[in-house]
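The structure appears below as structure tokens.
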Amino acid sequence: MEEQQEDKDGPQGLPVKLRMRASVATALGAAAAQAKILADQEEREMEQLAAPLIDQQFGCNL
């Protein structure tokens, strides 16, 4: 009986399944945010590398 009570209510008074779902959602959200940051950084780097090549192709000497 005590084990069942522990499964239902943890330190925050929430069911274990709900706490696990919240933890997974938080981890996925953090991973998605980090992936977005890295993708934006990669895009900026590619633009910086491509801009001089494009300028050279069009004969722009800025």
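Mapping to our numbering: the sequence shown position 6 is 9, numbers consecutive.
Yeah, the Cβ is synthetic: ideal placement off N, Cα and C, and Gly gets one too.
The structure presented is a predicted model; accordingly, all values stated were derived computationally and were not measured.
Neighbourhood of residue i by C-beta distance below 6 angstroms, restricted to the same chain and skipping five residues each side
i	result
alanine 25	none
proline 55	none
glutamine 51	none
aspartate 43	none
Terminal residues of the alpha helix (DSSP H) in which residue i lies
i	result
leucine 41	19-61
Classification of residue i by the beta-carbon crowding that lies within 10 angstroms, buried from 16 upward
i	result
methionine 4	The pLDDT assigned to methionine 4 is 42, lower than 50, so where the model puts this residue is not dependable; a value taken from the coordinates is nonetheless given after this. Looking at its Cβ environment, which holds fewer than 16 other Cβ atoms inside 10 Å, methionine 4 is exposed.
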